[in-house]
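Colleague:
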Amino acid sequence: MQLRYQFRVYPTPGQQIELARAFGCARVVFNDGLRLRQEAREQGLPYVSDAELSKRIITQAKATPERAWLGEVSVVVLQQALADLNTAYRNFFASITGKRKGRKLAPPRFRSRKDNRQAIRFTKNSRFRVLDNGRLRLPKIGDLPVRWSRTVPSDPSSVTIIRDAAGRYFASFVVQVTDEALTPVESEIGIDLGLTHFAVMSDGTKVAAPNFLRRAARRLKRLQQDLSRKQKGSANRKKAVVKVARAHARVADTRRDWQHKLSTTIIRENQAVYVEDLCVAGLGRTRLAKSVHDAGWASFTGMLEYKAQRYGRTFGRVDRFFPSTRMCSACGRINEKMALNVRAWDCSCGAAHDRDVNAAKNVKAAGQADFNARGAHVRPGLVPAARNEAGTHPDAACSTRSMEGISVL
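Heads up, the final residue of the sequence shown is numbered 409 in the UniProt record's numbering, and it's a clean run with no missing numbers.
1. With a CB to CB cut of under 7 Å and the five nearest residues on each side skipped, what residues in its chain are close to CYS347?
2. What does a CB cutoff of less than 6 Å around ALA40 pick up in its chain, not counting 5 residues either side in sequence?
3. Measure how close the beta-carbons of ASP179 and MET1 come, nearest whole angstrom, since I'm counting them as under 8 Å.
4. Which two residues bound the contiguous alpha helix (DSSP H) that contains ALA366?
5. Given a threshold of 16 other Cβ atoms within 10 Å of its Cβ, counted over all protein chains shown, does ILE361 qualify as buried or as exposed?
6. Please name the residue in ILE162, ASP253, PHE300, ALA61 whose C-alpha comes closest to that of ILE120.
7. In or out: ILE17 buried (at least 16 other Cβ within 10 Å) or exposed?
8. Please tell me whether MET157 and VAL177 are closer than 9 Å, where the distance is taken between their beta carbons.
9. Just how far apart, CA to CA, sit LEU213 and GLY367?
10. By DSSP, does TYR47 sit in helix, in strand, or in coil?
11. In the DSSP assignment, find the unbroken alpha helix (DSSP H) run with residue 412 in it and report its ends.
12. Under three-state DSSP, which class holds GLY302?
13. When you compare the CB positions of LEU19 and PRO11, do they come within less than 9 Å of one another, or not?
14. Comparing C-alpha positions only, which one of ARG35, SER74, GLN43, GLY44 sits nearest to ILE57?
15. Counting pairs of beta carbons, one from the stretch 303-313 and one from the stretch 252-267, are three or more of them closer than 8 Å?
16. Between the stretch 200-210 and the stretch 218-235, do at least 3 Cβ pairs fall closer than 8 Å?
17. Given that a residue counts as buried once 16 or more other Cβ atoms are within 10 Å of its Cβ, and exposed if not, what is PRO13?
18. Please return the same chain residues whose Cβ sits closer than 8 Å to the Cβ of GLN15, not counting the five positions on each side in sequence.
19. Looking at ASN86 and residue 412, is the spacing between their C-beta atoms short of 9 Å?
20. Helix, strand or coil: how does DSSP classify LEU195 here?
21. Going by C-alpha to C-alpha distance, which of ARG27, VAL174, ARG285 sits closest to VAL77?
22. According to the Cβ coordinates, are LEU182 and GLY312 closer than 9 Å?
23. Less than 9 Å between the C-beta atoms of GLN271 and SER299, yes or no?
24. Where residue 461 and THR160 are concerned, what is the direct C-alpha to C-alpha distance, given to the nearest angstrom?
25. Under the three-state reduction of DSSP, which class applies to TRP148: helix, strand or coil?
26. If the criterion is Cβ atoms closer than 9 Å, does the pair TRP297 and VAL280 meet it?
27. Taking the Cβ atom as the reference point for each residue, do ASN236 and PHE110 lie within a distance shorter than 9 Å?
28. Kindly indicate which three-state DSSP category ALA181 falls into: helix, strand or coil?
29. Here's the rule: buried if 16 or more other CB atoms are within 10 angstroms of the residue's CB, otherwise exposed. What is ALA386?
30. Helix, strand or coil for TYR89 per DSSP?
31. Spatial neighbours of ARG67 within its chain, please: CB distance less than 6 Å, with the 5 preceding and 5 following residues excluded, ordered by chain position.
32. Please classify LEU105: does DSSP put it in a helix, a strand, or coil?
33. Ignore the nearest five residues each way along the sequence and tell me which others in ALA81's own chain have a CB closer than 6 Å to its CB.
34. Sort LYS290, ALA365, GLY350 by Cα distance to PHE322 and report the nearest one.
35. ARG317 lies in the beta strand (DSSP E); which residues open and close that run?
36. Which first and last residues belong to the alpha helix (DSSP H) in which TRP258 is found?
Pasting the structure below:
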């Protein structure tokens, strides 16, 4: 299994200038490649192949006065920018042809120098390496001080340097690790995710929703008000933007750390974990959108999935149309739809149910077979797709920070 280990790096002012130059060159190469393919399509010309694109956008472009400055950065950075463009095109074509499951993807779009998140990637061909003194040596950038919070288990195959909206720099290493099967246990659990309680287990355990964004709302409101008073284009406005970004980053880091600790505990204590496949995108368009995004269900279930795969546990997703809330976990009778304010109900069979605990029991029962007597279908756990650090979207999620912050490729 490939995992990503991320650490904070602290470049000097001179190294920050070199990194900014590398970010800019990678962005220009990406945009030039995208523009060339768009022009070829508009003119009715054949699709520009990956090799031809690299030849014209990098090799030939560096020989022209307009793009001679591309030679100031490592060529691997430029090649990886085009690799991201090629991946984006392949995903787009697979999406519109139906080969890629899930929501339809839009075609690649141009990157902007105003994007809050910038990233470049170095592979082994660039000969990056970690020195004996703990610094990270990158070609044409120098030796970056790294805050090592843990040991990297193997030699990394690539490293991505990320600058987030808060002005922080990270080095994200991709390493190969071996699966570490935990000692088998007998317990299995179903989880019902919600807003009042973040998670309700089939054994009756309830985890209160931490509401990290709601708790920080007062501070965020004040910072946002300060930002709105600053004149557009001024230096003070740029400083206020960074303050807002840092406040949001603090919320995201706290939420991620809490979710990692909870997911690790669940995986260690249970042999099988079953959750409901929620439509987070749809719920994010309702009046509960702020609370839904604050909960972070998708990232939490993703953590459960890859940790179960790594530690030899079973993970399953129950179909989102399975009536876990309305079904009696004792007799299997399906009742009419009930309002959200109904937190407890009695079945005609005489069983009294807590709404969330009953749903968790049904999720567990449905998750123990692909097709059970009630017609519930459980999708097998999917191997998480590779996350492109230097993706085309400026709001792409960063990797995690600590040992609990390992993300799977």
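No residue lacks a Cβ here, since even glycine has one placed at the ideal position from N, Cα and C.
For clarity, every value in this text was computed on a predicted model and none was experimentally measured.
Modeller: Reading off the structure:
1. Residue 347 sits at position 347 when you count from the first residue of the sequence shown. Excluding residues within five positions, the ones whose Cβ falls inside 7 Å are CYS328, ALA330, CYS331, ARG333, HIS353.
2. By one-based count along the sequence shown, residue 40 stands at place 40. Counting only Cβ-Cβ distances below 6 Å, and skipping sequence neighbours, we find VAL48.
3. On the sequence shown, position 179 is the one that residue 179 refers to. On the sequence shown, position 1 is the one that residue 1 refers to. Contact flag correct, Cβ pair sits at about 6 Å.
4. Taking the sequence shown and counting its residues from 1, the one referred to as residue 366 is at position 366. Here the alpha helix (DSSP H) through ALA366 covers 355-367.
5. On the sequence shown, residue 361 is found 361 positions in, with the first residue counted as 1. According to the sequence provided, residue 361 is Lys. The question's Ile does not apply to it. Counting Cβ neighbours within 10 Å, LYS361 comes out buried, since at least 16 surround it.
6. As a first step, residue 120 must be located in the sequence shown, where it is residue number 120. ILE120 has its Cα closest to that of ILE162, out of ILE162, ASP253, PHE300, ALA61.
7. Your numbering for residue 17 matches position 17 in the sequence shown. So ILE17 counts as exposed.
8. Counting from one through the sequence shown, the residue named residue 157 turns up at place 157. Counting from one through the sequence shown, the residue named residue 177 turns up at place 177. Here residue 157 turns out to be Ser, not Met, going by the sequence shown. It is not a contact, given that the beta carbons lie outside the stated cut-off.
9. As a working note, residue 213 is residue 213 in the sequence shown. As a working note, residue 367 is residue 367 in the sequence shown. The straight-line gap from Cα to Cα measures roughly 32 Å.
10. One-based indexing of the sequence shown puts residue 47 at position 47. Of the three classes helix, strand and coil, the one that applies to TYR47 here is coil, per DSSP.
11. Residue 412 is absent from the structure shown; the chain starts at 1 and stops at 409.
12. The count along the sequence shown starts at 1 and reaches residue 302 at position 302. Here GLY302 sits in helix by DSSP.
13. As a first step, residue 19 must be located in the sequence shown, where it is residue number 19. As a first step, residue 11 must be located in the sequence shown, where it is residue number 11. Closer than 9 Å, so yes.
14. The residue given as residue 57 occupies position 57 in the sequence shown. With distances taken between Cα atoms, ILE57 lies closest to ARG35.
15. yes
16. Contact between the stretch 200-210 and the stretch 218-235 is absent, with fewer than three C-beta pairs closer than 8 Å.
17. As a first step, residue 13 is located in the sequence shown; it is residue number 13 there, counting from the start. Burial call: exposed.
18. Within the sequence shown, numbered from 1, the residue matching residue 15 stands at position 15. Here the set comprises ILE141, GLY142, LEU144.
19. In this structure the chain extends from 1 to 409, so residue 412 is not present and cannot be described.
20. Against the sequence shown, residue 195 aligns to sequence position 195. Correct three-state label for LEU195: coil.
21. For the purposes of this step, residue 77 is identified with residue 77 of the sequence shown, where counting begins at 1. The shortest Cα separation from VAL77 among ARG27, VAL174, ARG285 belongs to ARG27.
22. By 1-based counting over the sequence shown, the position of residue 182 is 182. By 1-based counting over the sequence shown, the position of residue 312 is 312. It is a contact, given that the beta carbons lie within the stated cut-off.
23. By one-based count along the sequence shown, residue 271 stands at place 271. By one-based count along the sequence shown, residue 299 stands at place 299. No, Cβ-Cβ distance for GLN271 and SER299 is not below 9 Å.
24. There is simply no residue 461 to check, as the chain begins at 1 and stops at 409 in what is shown.
25. Position 148 of the sequence shown, counted from the start, is the residue given in the question as residue 148. DSSP places TRP148 in coil when its eight states are reduced to three.
26. Along the sequence shown, read from residue 1 onward, the residue named residue 297 stands at position 297. Along the sequence shown, read from residue 1 onward, the residue named residue 280 stands at position 280. For the pair TRP297 and VAL280, the CB atoms are nearer than the 9 Å cut-off.
27. In the sequence shown, the residue the question calls residue 236 occupies position 236. In the sequence shown, the residue the question calls residue 110 occupies position 110. For ASN236 and PHE110, no; Cβs fall outside 9 Å.
28. Taking the sequence shown and counting its residues from 1, the one referred to as residue 181 is at position 181. In this structure, ALA181 counts as coil in the three-state DSSP scheme.
29. Here the question's residue 386 lines up with position 386 in the sequence shown. Any reading at ALA386 needs caution, since the residue's pLDDT is 43, under 50, leaving its predicted position unreliable; the model's value is listed next. With fewer than 16 other Cβ atoms within 10 Å, it is exposed.
30. Reading the sequence shown from its first residue, position 89 is the one you call residue 89. Of the three classes helix, strand and coil, the one that applies to TYR89 here is helix, per DSSP.
31. Residue 67 sits at position 67 when you count from the first residue of the sequence shown. Same-chain partners within the cutoff: ALA61.
32. By one-based count along the sequence shown, residue 105 stands at place 105. In the structure shown, LEU105 sits in coil (DSSP, three-state: anything other than H, G, I, E or B).
33. Counting from 1 along the sequence shown, the entry for residue 81 is found at position 81. The answer, listed in chain order, is ALA26, VAL29, PHE30.
34. On the sequence shown, position 322 is the one that residue 322 refers to. With distances taken between Cα atoms, PHE322 lies closest to ALA365.
35. In the sequence shown, the residue the question calls residue 317 occupies position 317. Where ARG317 is concerned, the enclosing beta strand (DSSP E) stretches over 314-318.
36. Your numbering for residue 258 matches position 258 in the sequence shown. Its alpha helix (DSSP H) spans residues 235-269.
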